[in-house]
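Heads up, the sequence shown is in the numbering used here, so the first residue is 39 and it goes up one at a time. Reviewing the structure listed below.
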Amino acid sequence: MTLILPEKYQPTLTIRDTEAAIVFIRERFQTILAQKLNLQRMSAPMFVEKDTGLNDNLNGVERPVAFDAKDMPKDDTIEIVHSLAKWKRMALKKYDFGMHEGLYTNMNAIRRDEEMDNFHSIYVDQWDWEKVISKEDRTIETLKQTVQKIYAAIKQIEAECAERYPASTYHLPDEVHFVTTQELEDRWPDISPEERENKIAKEEKAVFLMKIGDKLNRSGKPHDGRAPDYDDWQLNGDLIFWYEPLKQKLEVSSMGIRVSPESLHEQLTKADCLDREKLPFHQMLLKGELPYSIGGGIGQSRLCMLLLGKAHIGEVQASIWPKEMVTTCAEHDIPLL
């Protein structure tokens with residue numbers, strides 16, 4: 039457990055005013071995002087059957103929360119989702135979305151192996167979105183254009199939030215800077231990926247860090263883990279901000295152009311996960327039965343935390359925390375919900 043305690047921290051909003059601001063940000067931002075990306079809100083599952091291969095494996099070591107159900111077969115394991123990265127692509131086909139149309143959902147997940155700190159909770163809430171694209175759209179330029187639309191949506195909600203809460207809104211840079219993980223390794227080869235992200239975030243204030251998951255040239259290791267069966271590692275990235283209240287980088291969104299049949303097989307081979315090709319989702323993808331797509335997730339609590347200048351994600355999200363963390367936060371005027 040790593041906890042950052044800013045000096046002389048004083049919340050500018052009461053808990054009730056904070057809750058009102060959270061409602062405003064959540065409801066308004068999803069409307070703006072849907073308009074920018076041509077998305078329709080859809081209902082989404084909180085759990086999926088393990089054998090479908092639909093759950094997000096994250097870095098491959100995190101344990102999903104699993105259970106059985108009385109009216110389901112005894113050997114049928116049900117998992118709480120980590121995210122809806124694969125389910126959304128299936129939904130685009132199932133619900134007959136057309137070219138450059140997409141969906142977004144209110145995704146709630148449990149990540150039991152998350153290390154809790156100022157930014158991380160075992161409860162995850164995000165806008166998960168997915169959009170149909172053509173094979174020809176699978177380019178870096180498409181990725182950058184989509185990131186810029188999302189950033190424009192964030193800047194718009196920032197401006198509207200500042201009108202309501204002028205003393206409490208944290209101001210973001212006007213533009214987002216694009217950089218690859220390889221460029222960061224070439225520039226700072228002797229420090230960790232985490233330290234590189236902090237350095238570039240402090241320098242540029244808002245960064246979209248591209249090409250996450252494949253091995254880097256110098257170290258021979260990935261910048262960070264990324265599941266091999268949803269993002270194309272050459273066409274993905276994370277949206278990161280420099281967060282001055284905690285003097286740390288803060289990731290708000292992870293997204294990317296999704297794997298093609300060819301890149302799926304290549305990445306499963308690299309990750310030594312070829313056994314997944316037998317699963318229903320992967321079979322459909324390999325046979326070309328799913329649309330090409332781009333998609334990602336935008337953290338709801340993280341965006342609220344960022345815009346409202348909060349010191350801990352627990353100020354904008356009701357979750358559970360170690361008793362030591364709760365006590366320490368209370369001693370430093372950080373009120374956890």
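Backbone N, C-alpha and C define an ideal beta-carbon position, used for all residues, glycine too.
query	result
Assigned secondary structure, residue 359 (DSSP; H/G/I helix, E/B strand, else coil)	coil
8 Å Cβ shell around residue 257 - same chain, five flanking residues per side excluded	223, 227
Simplified DSSP assignment, three categories, for residue 270	strand
Proximal residues to residue 286 (C-beta, below 7 Å), its chain only, five neighbours per side dropped	42, 236
Where residue 48 falls: helix, strand or coil (DSSP)	coil
Burial state of residue 255, where buried means 16 or more other Cβ atoms lie within 10 Å	exposed
Stretch-stretch touch, CB-based, cutoff 8 Å, three pairs: the segment 358-366 with the segment 184-204	no
Identity of the residues DSSP links to residue 313 by a beta bridge	Paired residue(s): none; residue 313 is not in a bridge.
Euclidean distance between Cα positions of residue 248 and residue 115	35 Å
Given residue 152 as reference, the closest of 135, 202, 99, 175 once Cα atoms are compared	99
Contact the segment 44-51 vs the segment 166-179: 3+ CB pairs below 8 Å	no
Assigned secondary structure, residue 339 (DSSP; H/G/I helix, E/B strand, else coil)	helix
Delimiting residues of the beta strand (DSSP E) encompassing residue 165	161-170
Through-space distance from residue 251 to residue 368, alpha-carbon basis	38 Å
Extent of the continuous alpha helix (DSSP H) run through residue 254	Counting along the chain, residue 254 falls outside any alpha helix (DSSP H), and DSSP gives it neither H nor E.
The segment 317-324 touching the segment 82-93, judged by at least three CB pairs closer than 8 Å	yes
Given 8 Å, three or more beta-carbon pairs between the segment 126-141 and the segment 300-312	no
Nearest candidate by alpha-carbon position, reference residue 283, set 348, 268, 291, 327	348
Same chain only: Cβ atoms within 8 Å of residue 74, ignoring 5 sequence neighbours per side	187, 188, 190, 191
Of the residues 104, 145, 309, the one placed nearest residue 338, counting alpha carbons only	145
Ordered list of alpha helix (DSSP H) runs contained in the segment 113-148, each at least 4 residues	123-132
Residue 84 and residue 61 closer than 8 Å at C-beta	no
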